[in-house]
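In my numbering, the protein residues as written are 3 to 1053.
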C-alpha cells in the first residue's frame, strides 16, 4: 500500500458512517524510533539533547499532514509492571536500560504533546498497545476510521477494515502503511491471527519464547492451515514428526506466548472524542515550545490554528499579514503622523527602548520638493564623517534629541533613532488613501514605490534616516545569473518600501504594476547605496553586494550582517537563515519562500510572483532584518564578540566580494588536454581491473563492485551498510596488498574523481566570456572561523599527489600579470607556541630553527644534526596529532605503529613540552566549566553539549575544543591580513588583486611591474600581527609564476 493512500477512506461502511478519522500515536515506540534514527549530537544551542524530541515531532507532523485526522490521541507506557510481567517475570527483562540522553527527553516529548493539546492515555498495569487496541475498538463502534502511528510491528494484529497501521521505518520520514491486504501479503495470515503466529515464533524483543524450532515460514503455514494456535494443538497428529515433537514439548509455552502477545481491547479507558478534536490544536503554544527547542525547520509543517492544513499564515506571522500601499498620481502614501500625537507613557517608552518593535513611531514628513536638487538628490543639512573606532554611545534603539537630529553624528554601529526616521509621505493630491490601522508588532506595512515622485522621496528618506535595512529580490539564488526583481528598504520597525523593477506577468495572467525603468532606479539610489556614511543592515550581505555590483552599484557602509552576527553567536549551528533567526529571537513565523515560488522542479522565478505578494515578502525581510539588529548586537556585546564582528567579519565581506567578482583566470586548453590524458589513463586502468577479475562489470556500481571484491575474490569485508557491504575509500585502502585489483581500483578512483570534480567541474563553472572561475567564499560555515569555498571548492585542490598537483597549472594570470602566492609557514605551531608560552617552542621559532627537527631530536634523544628524515616526519605527525586532539589509537592508525608505541610518543612529547600538556588540560577544563573555548581574538566555539554527550560524540567534541583555539586564531590572523592587504592595495593605487585564500595561503594576480612592491607589501602585512608577533615571529614564504603550479620561491 502506498504512503499516499493513507488519506483514502476504507471501503467498508461501518467505519465510514461518521466520515471522520482518528489518529492514535504509539508514544514510546515512536520515541525509540526517533532516538535511534537521529544522531545524539542534535542539540539546542544551550546543549540540550533533542534528537528524539525532534524526530518524534517530525514524524507526528508528517502523519498529521498525510492522514488529516479529525481526532488525535497519544498513548504512553508507564514504568510499572503490567499483567504480562505477572504472567512471565522475564517479560522484557533482557532489554538494556535506556541511555540517559534518551531518558532525559521523555519529559520534553510529553511537554510537546501537551503543547499540541492532544490528550494522553496511559494506565498502570497495561501497555500502550493495550490502550491503542481499546481506543481503536471504541472508535470503530463510533463509526470512525482509525490510523495507528507506531514504530514497531506489534499493533499489526489490530488491523481490520476500520483500522490501519502506519509503521515508521528507516529514518524519520519513511513509513509503511498496513491494511488487511498488506498484512496478509507479508505474513500469509489474517491480522487477527498474528498473536497465534507469535505464540509459535515468539518475540525476542519482548523476551517472548515461542516454540523452539518453529520459524516464521512454518508458523505462517500452520496458522493459515488450522486458523489458530488452539486448533493447531488439537491436530498435532497431522503434523510432521519434527513439528509435532516441538509443539508437544512446548505446548504450554506456546499458549503463554500467545497470551503475552495478544493486545487487550477492553482496558478500562474511555475514548473522549471532544478532548481528541484536532480543532483543539494549540498553534501558539506549540510555536512557543518550538522556539525554545529551536525547531524552526518544523514550523512550516504545523497545522493552522484550528488543526487544518490550509493556509497557515495566520497567527504570529511577520510576513503575510502586512498591508501593501500603491501610491500613484492620484493617491498619497500613508501618513502615520496624522494618526496619533499622543506622547508615549513611561512604560511604552521603556518598551520601545528595549527593542525596536511595535507600532511605527510618529514620523516627520519630508521637506517640500523645492528643497530637492534638480537631479532628485536630497540636499543634506550636514555631512559628517563616520568612524568605526567610536563605539555606540547608547542603545541601538534609544531615541535622541529631535532638535539635534540634523547635525548629530550617527555612530557606525547604531540604529537610527526612531524619531529621526523620515516616513515616506507623498504630496497630497486629489484623492486620499484611508489611514492605516495601528501596526501590530507581528506585521509589516509595505509601500510599493512605482512612480518617480515616490522614488525621489524614498531616496531623501533614506538619506535622512542615516541607516536602513536593505534586501533584494532576484530571479535566482545564483548570484552570477540572478536578475534584479525588486529592492526592499526598512527604516523603522513595522514599515518597509518595495521598488519593483523586474516583475513579469504571473502564471495566472496578472500583469505587473507600472514599474520604473531599472537604469532610472539605480541612478537615483546609487548615491545613497554607495554612501559609506549611511549604515546598511543586511542579511547575507555578500549575495546582495555581489548582485548589485554586477549592476554597477558598489554598496558601501555595510554595518550589520545579521547572518554573520548569528554565526558568531553559534558557529556550530546550521540554521542561520533570516526566517530561523526571526523565529528564534523575535518569535515570529515568516512566510517561507516556497509559498511564493514553490519548490523543486516546479519552482517559478520571483519575477513571476505578483509585485504585491513580493512586496509583502521582501518588505518583511527588510523589516525583520532591522528588528534583529538590536538583540543580536546586545548578544554580541554580552559574549565579548562585538570587536570580532566589527573589526574582522563585517569588513571582510567587501574583501570577499571583490575577490569573487575578480575571479581566477583558467587555462581552458590545458584543462581539455589534461582531461584527455586522464581519460586515456582511466581506460587503461579499467582494462587492468577487468583483466584482474576475469570479466567486465560496472566499476562505479557499489553493488557490483562489492560482489566482485567480497563475493568473487573473497576479500575481507568491511562495515555493512543498509544496502550491502561498504566499498568506501577507507575500506578499499585497507585491502591494499591483498589482490592486484586493489591498487588499480584505488588509482582508478583517484583519476576519475580528478577528472569529474576538477577538470570537468572547472570547465563547467568557468565564465565563457571572461574565461575566469568565480568561487564563493563561505564566511559562516565552519565552526572554527575558517573560510570555506564552493562552486568550485578551491580549498580542496589536490596537493598530495603529483598528478593531483597538476590541476594547479590551470590557474593562470592574465597576460602581463603574474601569480604571487604568500603562505604562512607553520602558523598553527607558531600560534601553539604563542598561546602556550612553551619556552622551547618559542625559542626555536625566535631562532628560526626547524621546529620538527627540534621535536624529533627531543623525542628520539639524538642531536639535531643526526635527525633522520623519517624521524622528522614522525615527529611532525605526532605534533599535529596532539594539535588536533588525536588519541594514541588515532595516532597509531595514521602511523602504523602500535597503540603502546603511539602512547609512548605522546607521553614523551608532553614531557618535552609540558606547557602543551597544560594547554590541553586547561582548554578542556574551560570547555566543560564555561561551555566554550576561544581564540586570541575572542572568537568563541560554544560547546554546551559536552555535558550531555558521551562516548565517541563527546570525544569528537573534546578534540574540537583542543584544536579550535589554534585553528580559530589561524583563521582570525589570515582574515586580518586579508582586510589590511585589501585596503593597502587600494590606498596605494596598485592594480594587484587578491584572488584566492586557500588554507594558510593567499594568491594574488599582480602586474609584472608591481610585483616586487606588492610582494614586499603583502609579506610585511602578513608578518605583522602584533597579537602573535609580540612573542612569536610569523614567517611568510612567497612564490611567483605564470600559473599556480609553477610558482617558485621569490625571496
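No residue lacks a Cβ here, since even glycine has one placed at the ideal position from N, Cα and C.
The structure presented is a predicted model; accordingly, all values stated were derived computationally and were not measured.
Per DSSP, residue 57 has no beta-bridge partner at all. Taken in chain order, the complete alpha helix (DSSP H) segments of 4 or more residues contained in the stretch 54-102 are 85-89.
Around the Cβ of residue 66, a 10 Å sphere holds 16 or more other Cβ atoms; the residue is buried.
Given a length threshold of 4 residues, each whole run of the alpha helix (DSSP H) inside the stretch 719-775 is given here in chain order: 731-735, 742-755, 763-767.
The C-beta distance from residue 233 to residue 190 rounds to 16 angstroms, too long to fall under 8 angstroms, and the pair is not in contact.
The stretch 462-472 and the stretch 517-525 do not touch, with fewer than 3 CB-CB distances between them shorter than 8 angstroms. Beta-bridge annotation (DSSP): residue 488 is paired with 475, 502.
In the three-state DSSP reduction, residue 592 falls in the coil class, being neither helix nor strand. For residue 706 and residue 787, the gap between their C-alpha atoms comes out near 41 angstroms. Excluding five sequence positions before and after residue 1050, the CB atoms of its chain that fall closer than 7 angstroms to its own CB belong to 1041, 1042, 1043, given in chain order. In the DSSP annotation of this structure, residue 150 is not part of any alpha helix (DSSP H); the continuous beta strand (DSSP E) holding it starts and ends at 147-152. Secondary structure in the stretch 172-236: the beta strand (DSSP E) runs of 3 residues or longer, each lying completely within the stretch, are 177-180 in chain order. Of the residues assessed, residue 870 falls on the exposed side of the cut-off, its CB having fewer than 16 other CB atoms within 10 angstroms. If you keep only unbroken alpha helix (DSSP H) runs of at least 4 residues inside the stretch 956-981, you get nothing at all. Cβ-Cβ separation between residue 461 and residue 526: approximately 5 angstroms, consistent with a contact (criterion under 8 angstroms).
For the pair residue 165 and residue 152, the CB atoms are not nearer than the 9 angstroms cut-off. Under a 10 Å Cβ-count criterion, residue 546 is classified as buried, with 16 or more other Cβ atoms of the shown protein chains found around its own Cβ. Nearest neighbour of residue 656 by Cα position, chosen from 610, 714, 742, 555, turns out to be 555. Scanning 511, 993, 1034 for the CA closest to the CA of residue 1014 turns up 993. When DSSP reads this structure, residue 832 sits in no beta bridge, so it has no partner.
Cβ contact annotation for residue 309 (same chain, cutoff 6 angstroms, sequence separation greater than five): 280, 281, 283, in chain order.
Annotation: the continuous beta strand (DSSP E) that includes residue 997 extends over 995-1000. Within the stretch 28-58, no run of beta strand (DSSP E) reaches 3 residues while sitting entirely inside it. When secondary structure is reduced to three states using DSSP, residue 1007 falls in the strand class.
Shown here, residue 621 sits in a helix according to DSSP, grouped into three states. Within the DSSP bridge table, the entry for residue 1043 names 821 as partners. The beta carbon of residue 955 sits closer than 7 angstroms to those of 42, 43, all from its chain and outside the five residues before and after it, given in chain order. In this structure, the CA atom of residue 212 is about 14 angstroms from the CA atom of residue 224. Here residue 510 is exposed, its C-beta having fewer than 16 other C-beta atoms within 10 Å.
Contact between residue 505 and residue 609 holds, with the beta-carbon distance rounding to 6 angstroms and staying under 8 angstroms.
In the assembly as shown, residue 848 is an exposed residue. Its beta-carbon has fewer than 16 other beta-carbons within 10 Å.
Straight-line spacing of the CA atoms in residue 627 and residue 494 works out to 11 angstroms. The residue among 694, 808, 766, 239 with its C-alpha nearest the C-alpha of residue 679 is 808. For residue 550, the enclosing alpha helix (DSSP H) covers residues 543-552. Here residue 936 is buried. Its C-beta has 16 or more other C-beta atoms within 10 Å. With a beta-carbon spacing of about 17 angstroms, residue 796 and residue 670 fall beyond the 8 angstroms limit used to define contacts.
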